Amino acid sequence: MTRFWTRLIVLLTVILGVNYVAWRWMASLNWDAWWIAVPLVIAETYSLIDVMLFGLTVWNIKFRKPPPPPPADATVDVFITTYNEPFDLVMTTALAAKDIRWPHSTWILDDGDRPEMRELAESNAIGYVKRGAGWTPDMPRHAKAGNLNNALMVTSGEYLLILDADQIPEPDILDKTLGYFNDDKVALVQTPQYFINVPADDPLGSQAPLFYGPIQQGKDGWNAAFFCGSNAILRREALMQLGLVGYVKATEKSVRRALAASRTAIKKARRSPEAENPLVEQMLNEVEAATESAQKELETGASLSEITYRVRRKVDDAVRTLVAADFSALQSDLDEIAAMELAHVGESGVTTVASDAVDRMSGRDWSPLGALESVHAVLDAISVERTDEAQPIMPLATISVTEDMATAMRLHGLGWKSVYHHEILAYGLAPEDVKTMLTQRLRWAQGTMQVLLRENPLVQRSLTWGQRLMYFSTMWTYLSGFAAVIYFAAPIIYLTLGILPVNSISVDFFIRFIPFMVVNQLLFLVAGHGIPTWRGQQYSLALFPTWIKACTTAARNVWFGRPLGFAVTPKARQSGGPSWSLIRPQIIVAVLLAIALVVGLTRLLAGMSEPLGTLVNVAWVAFDLVVLSVLVKAVLYKGFVPEVVGPERPEERNADAV
Amino acid sequence: MQFSYEVNDSYAEVKSVGRLNMVAAPKLREVVNEVVAGGSSRVVVNLSETDFMDSSGLGALIGCLKAARQAGGDLRIAGVQPQVKMVLELTNMDRVLTAYPTAEAAFGDD
């Protein structure tokens with residue numbers, strides 16, 4: 007029944023929204039002020055697409071029944087990931103994990119490599135994993151994804167429950183979720199993330215009941231429930247398949263690149279003065295022939311290990327031939343020298359070259375090929391050993407700082423299913439200060455944009471259109487920073503300069519705009535079963551500098567290889583007084599809005615502007631100021647003080663931007 | 005790779021700087037042949053600034069030894085660095101080419 011009403015309101019929203027925005031484009035633009043008129047209508051179009059994607063999400067909302075009982079012999083590893091969290095926090099989670107009823111092994115994945123952590127784990131009979139020997143300092147570490155990938159190689163459970171260090175699980179978390187894996191195609195079961203250290207008014211917008219509710223349930227309906235990094239159960243086989251597929255892809259890519267590089271290196275070496283040496287020329291010919299035939303084999307789809315092995319063999323043979331020729335010439339010189347001695351002093355012993363000299367001198371370190379350093383270096387890269395990573399198999403995606411989203415998308419691409427189980431089964435800790443909260447939101451947004459730019463879901467042919475749009479929808483919400491700037495700028499421009507981006511504020515405008523806004527709010531009300539959406543709306547506008555920074559840094563990172571400036575979200579509250587400097591852009595915007603209010607009213611009294619336009623824009627500014635006011639509350643927030651309340655407080659949401 | 009030489013009263017010193025590899029080997033032969041043709045058949049190859057030698061480099065040294073002997077003289081090496089020393093030992097050539105600490109010491113005994 008809910009589904010029927012939801013769908014009806016989605017349809018109404020789309021019809022009324024298109025009606026309004028189409029009219030805006032075709033009949034309302036003030037072309038004299040195109041520089042604000044066009045950006046504003048683009049921002050409004052952005053918002054319409056945003057709400058349409060939300061509508062599409064909840065269109066297929068899925069309310070699951072409890073799963074059947076799991077097979078009694080299912081084996082599980084529980085992973086608790088930690089980097090620098092306090093020991094008592096990690097141990098509280100680890101001991102709760104140990105108490106999970108379903109038989110399992112509990113492991114602390116300590117990326118901080120702390121001996122005290124190991125002692126604590128061992129004295130409580132909890133497994134301890136740190137990075138293995140392959141993770142040398144010159145290898146990329148891949149943060150949490152690397153930590154999990156490392157642990158996957160030293161454990162063996164069929165299923166993995168992943169918990170952040172602060173997420174305390176219920177004893178029945180596995181009993182309630184493992185049964186979904188009776189469906190052989192299910193790779194992931196995600197449960198909500200819920201925070202216990204958040205007051206009822208949620209000043210930092212930490213809880214995300216709309217996301218861990220209608221949005222995930224809607225995505226689930228499209229078989230696109232997201233993996234959110236913690237409180238999720240994964241099927242090892244699916245992750246391993248992902249790792250193997252990734253390994254083959256990465257290897258083929260690196261072999262192709264190495265073959266191309268070797269051709270360039272050979273060409274360059276031929277132009278160098280050394281190439282005049284006939285031996286060098288001969289070596290270059292041999293190496294070139296080997297790489298050319300490898301290239302041909304690659305095109306015909308031959309096995310990478312055979313191709314790379316053959317290149318190595320051919321090059322090694324050429325080297326051996328050269329070394330053997332050196333030694334045979336050398337031996338005949340020795341023979342001649344011995345003959346001279348005999349003639350000269352009447353005694354001689356022919357010295358012979360050591361029998362393994364050819365082998366010794368053909369080895370990698372001492373090979374004459376070393377003379378052609380550039381060629382030597384690229385030949386090393388023609389291998390299937392994936393020498394640029396600590397371990398060849400990387401099941402969790404490493405293309406993004408939010409490994410979870412990228413991993414889930416790839417699992418869906420391989421045809422696996424995911425499940426969203428709508429029941430809180432673990433209790434975590436949210437940031438308690440603005441700085442940490444901003445760092446965390448920035449990281450999520452950056453990670454999401456990295457995935458968009460590296461593996462745009464819209465062009466992933468292995469995903470269904472529903473899945474593509476579900477991933478795209480979340481990415482789209484993070485573009486809201488640009489729209490927010492325009493929404494702040496437009497009323498300021500009208501009130502101070504009298505420039506209106508629309509032709510006129512008339513009945514035409516109101517009869518299109520108001521029904522759309524009403525039905526839009528109604529959609530959130532119905533789809534969210536009355537979950538308050540206001541906190542989320544505030545944050546999606548108020549954090550505009552964070553969203554914009556995420557987009558620009560992610561683009562610089564993906565396109566130009568610049569670092570993101572990534573930081574691990576601290577779990578402990580940062581000390582110090584209110585940090586107003588963190589929200590400087592928002593303060594500037596608020597001041598401008600206030601000035602615009604005064605100027606606008608003055609202009610109205612002076613008869614310089616029309617009352618209706620001023621009224622609409624004053625209302626708009628007031629709305630913007632109320633939106634931004636959430637940050638005052640956030641900056642003044644002094645951290646969580648437990649109060650005696652039931653667990654079923656009305657929580658507020660943080661839109662899709664969890 | 006660079007070679008330079010200097011003719012003293014009793015011997016000529018050829019200084020080898022850099023990697024004595026496939027590319028440098030022919031040049032060494034050339035330089036030593038030139039020295040020997042110039043009348044100095046007692047040759048010291050100073051390897052104190054040669055940190056790497058491959059099979060072609062070793063072949064060149066033996067070839068030069070032959071040329072010096074044929075001219076009635078000898079070729080000795082000095083200032084051998086660890087990698088070169090290892091190559092000489094592994095191939096047995098330390099029995100043909102004795103390594104002297106310095107160029108002066110190489111022909112010091114006769």
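First to last, the protein sequences are chains A and B.
Quick note: the first sequence uses this note's numbering, first residue 7, plus one each step.
Quick note: the second sequence uses this note's numbering, first residue 5, plus one each step.
Don't be surprised by glycine CBs; every beta carbon is placed ideally from N, CA and C.
The structure displayed is predicted, hence computed values, not measured ones.
*Interfacial residues, the region 16 to 36 of chain B to chain A, with Cβ spacing under 9 Å*: Arg23, Asn25, Met26, Val27, Ala28, Ala29, Pro30
_Proximal residues to Asn237(A) (C-beta, below 6 Å), its chain only, five neighbours per side dropped_ = Counted from its first residue, the first sequence places residue 237(A) at position 231. Cβ neighbours of Asn237(A) beyond the five flanking positions: Gln173, Thr197, Gln199, Ala432.
*Under 8 Å by Cβ, that's how I've got Leu417(A) and Ala244(A) pegged, so tell me the actual separation to the nearest angstrom.*
On the first sequence, residue 417(A) is found 411 positions in, with the first residue counted as 1. On the first sequence, residue 244(A) is found 238 positions in, with the first residue counted as 1. Contact flag correct, Cβ pair sits at about 6 Å.
*Segment limits, beta strand (DSSP E) that includes Asn50(B)*: Within the second sequence, numbered from 1, the residue matching residue 50(B) stands at position 46. Counting along the chain, the beta strand (DSSP E) containing Asn50(B) begins and ends at 46 to 57.
*Three-state secondary structure assigned by DSSP to Ser468(A)*: For this step, residue 468(A) is matched to residue 462 along the first sequence. In the structure shown, Ser468(A) sits in coil (DSSP, three-state: anything other than H, G, I, E or B).
_chain A within 8 Å of Gly77(B), Cβ atoms only_ = Translated into the one-based positions of the second sequence, residue 77(B) becomes position 73. With 8 Å as the cut-off, Gly77(B) does not count as an interface residue toward chain A.
*Would you mind sorting Arg319(A) into buried or exposed? The rule is 16 or more other CB atoms within 10 Å of its CB.*
What you label residue 319(A) is simply residue 313 of the first sequence in a count that begins at 1. Exposed, since its Cβ has fewer than 16 Cβ neighbours within 10 Å.
_What does the alpha-carbon distance come out to for the pair Gln247(A) and Phe478(A)?_
Start at 1 with the first residue of the first sequence, and residue 247(A) comes out as number 241. Start at 1 with the first residue of the first sequence, and residue 478(A) comes out as number 472. Near 24 Å, if we compare the C-alpha coordinates of Phe478(A) and Gln247(A).
*Could you check what DSSP says for Tyr15(B) in three-state terms: helix, strand or coil?*
Taking the second sequence and counting its residues from 1, one reaches residue 15(B) at position 11. Note: Tyr15(B) maps to coil in three-state DSSP.
_Within a Cβ cutoff of 8 Å, which residues of the same chain sit near Leu588(A), ignoring the five residues on either side of it in sequence?_
Taking the first residue of the first sequence as position 1, residue 588(A) is located at position 582. Closer than 8 Å at Cβ, skipping near neighbours: Val440, Lys441, Leu444, Val641.
*asked:* When you compare the CB of Val286(A) with every CB in chain B, is at least one pair closer than 8 Å?
replied: The count along the first sequence starts at 1 and reaches residue 286(A) at position 280. Yes, Val286(A) counts as interfacial toward chain B.
*Check whether Gly346(A) and Gln87(B) have beta carbons under 8 Å apart*: In the first sequence, residue 346(A) corresponds to position 340, counting from 1. In the second sequence, residue 87(B) corresponds to position 83, counting from 1. With the sequence shown as reference, residue 346(A) is identified as Met, and Gly is not the correct amino acid for it. No. Outside cutoff.
*Closest by CA to Ala29(B), which one among Asn130(A), Pro284(A), Glu125(A)?*
Counted from its first residue, the second sequence places residue 29(B) at position 25. Among Asn130(A), Pro284(A), Glu125(A), the Cα nearest to that of Ala29(B) is on Pro284(A).
_Residues near Ala110(B) by beta carbon distance below 8 Å, same chain, minus five either side_ = Counting from one through the second sequence, the residue named residue 110(B) turns up at place 106. Only Tyr15, Val48, Arg80, Ile81, Ala82, Tyr104 meet the Cβ criterion.
_Cβ separation of Leu194(A) and Ala414(A), assumed to be a contact under 8 Å, to the nearest whole Å_ = Within the first sequence, the letter at position 188 stands for residue 194(A). Within the first sequence, the letter at position 408 stands for residue 414(A). Rounded, the Cβ-Cβ distance is 6 Å, consistent with contact.
*Establish whether the CB of Phe7(B) and some CB of chain A are separated by less than 8 Å.*
Along the second sequence, one-based indexing puts residue 7(B) at 3. Cβ-Cβ to chain A under 8 Å: no for Phe7(B).
*Closest Cβ-Cβ distance between Gly249(A) and chain B: below 8 Å?*
Here residue 249(A) refers to the residue found at position 243 of the first sequence. So, not an interface residue.
*What's the C-alpha gap between Trp540(A) and Arg70(A)?*
Taking the first sequence and counting its residues from 1, the one referred to as residue 540(A) is at position 534. Taking the first sequence and counting its residues from 1, the one referred to as residue 70(A) is at position 64. Rounded to whole angstroms, Trp540(A) to Arg70(A) spans 27 Å at the Cα level.
*Could you list which residues in chain A have their beta carbon closer than 8 Å to that of Leu69(B), in chain order?*
The count along the second sequence starts at 1 and reaches residue 69(B) at position 65. Correct list: Asp339, Ile343.
*the region 532 to 552 of chain A / the region 24 to 38 of chain A touching (three or more Cβ pairs under 8 Å)*: no
_With DSSP as the reference, identify every bridge partner of Thr102(B), one or two as the case may be._
Start at 1 with the first residue of the second sequence, and residue 102(B) comes out as number 98. Answer is none; Thr102(B) lacks a bridge partner.
*Could one say the Cβ of Arg80(B) lies closer than 8 Å to chain A's Cβ atoms, at least one of them?*
Translated into positions along the second sequence, residue 80(B) becomes position 76. By this cut-off, Arg80(B) is not an interface position.
*What residue range is occupied by the uninterrupted alpha helix (DSSP H) comprising Val195(A)?*
Within the first sequence, numbered from 1, the residue matching residue 195(A) stands at position 189. Val195(A) -> not in any alpha helix (DSSP H); beta strand (DSSP E) instead, spanning 192 to 196.
*Determine the chain A residues that contact Val49(B) at a beta-carbon separation under 9 Å, and present them in chain order.*
The sequence position of residue 49(B) within the second sequence is 45, counting from 1. By Cβ distance, chain A contributes nothing, its closest Cβ being about 15 Å from Val49(B), past 9 Å.
*Contact list for the region 382 to 410 of chain A against chain B, Cβ threshold 9 Å*: none
_With three or more C-beta pairs closer than 8 Å as the rule, is the region 388 to 395 of chain A touching the region 358 to 375 of chain A?_
no
_Once DSSP output is grouped into helix, strand and coil, what is the label at Pro175(A)?_
Taking the first sequence and counting its residues from 1, one reaches residue 175(A) at position 169. Strand at Pro175(A).
_Quick check on DSSP: helix, strand or coil for Thr327(A)?_
In the first sequence, residue 327(A) corresponds to position 321, counting from 1. DSSP places Thr327(A) in helix when its eight states are reduced to three.
*asked:* Does any residue of chain B have a CB that is nearer than 8 Å to the CB of Gly369(A)?
replied: Within the first sequence, residue 369(A) is the residue found at index 363, counting from 1. So no, Gly369(A) is outside the interface.
*Whose C-beta lies closer than 6 Å to the C-beta of Gly534(A) among residues of the same chain, with five residues either side of it excluded?*
One-based indexing of the first sequence puts residue 534(A) at position 528. Closer than 6 Å at the Cβ level, and outside the excluded window around Gly534(A), lie Leu216, Pro220.
*Keeping to the same chain, check which residues put their C-beta closer than 8 Å to that of Val647(A); ignore five residues upstream and five downstream.*
Reading the first sequence from its first residue, position 641 is the one you call residue 647(A). Result list for Val647(A): Pro205, in chain order.
*In this structure, does DSSP put Gln213(A) in helix, strand or coil?*
Mapped onto the first sequence, residue 213(A) falls at position 207. In this structure, Gln213(A) counts as coil in the three-state DSSP scheme.
*Looking at the C-beta of Gln74(B), does it have a partner C-beta in chain A at a distance below 8 Å?*
Taking the second sequence and counting its residues from 1, the one referred to as residue 74(B) is at position 70. It does; some Cβ of chain A falls within 8 Å.
_Contact residues within the region 264 to 283 of chain A, judged by C-beta distance below 7 Å to chain B_ = Glu280, Asn283
*Using a C-beta cutoff of 8 Å, does Arg99(B) count as contacting chain A?*
Here residue 99(B) refers to the residue found at position 95 of the second sequence. True, the Cβ-Cβ gap to chain A drops below 8 Å.
_So for Ala107(B), helix, strand or coil by DSSP?_
Position 103 of the second sequence, counted from the first residue, corresponds to residue 107(B). Helix.
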